[in-house]
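Numbering (the working numbering), first residue to last: 1184 to 1250.
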């Protein structure tokens, strides 16, 4: 999900957050956040929902289904 990776990176940088901060706040490993941003691993549905709430965007936006 390349679009997911791009949007996650964009949202993180716009807000001045580190990968470690996101990992801590979402209770996931730093490695998984890194993998998501590098398009090496796809997030679970529950992690997509957590990220959408965290960044105050829709899951459709994260997945590239909406602008």
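Built from N, CA and C at the ideal position, the CB exists for glycine as well.
Query raised in the report: Under a Cβ-count criterion, where at least 16 other Cβ atoms within 10 Å of its own Cβ denotes burial, should residue 1189 be classed as buried or exposed?
Result: exposed
Query raised in the report: What did DSSP end up calling residue 1225 once you bin it into helix, strand or coil?
Result: coil
Query raised in the report: In its own chain, which residues sit with a C-beta less than 8 Å from the C-beta of residue 1192, not counting the 5 before and 5 after it?
Result: 1220
Query raised in the report: Taking the alpha-carbon positions, what's the residue 1212 to residue 1241 distance?
Result: 23 Å
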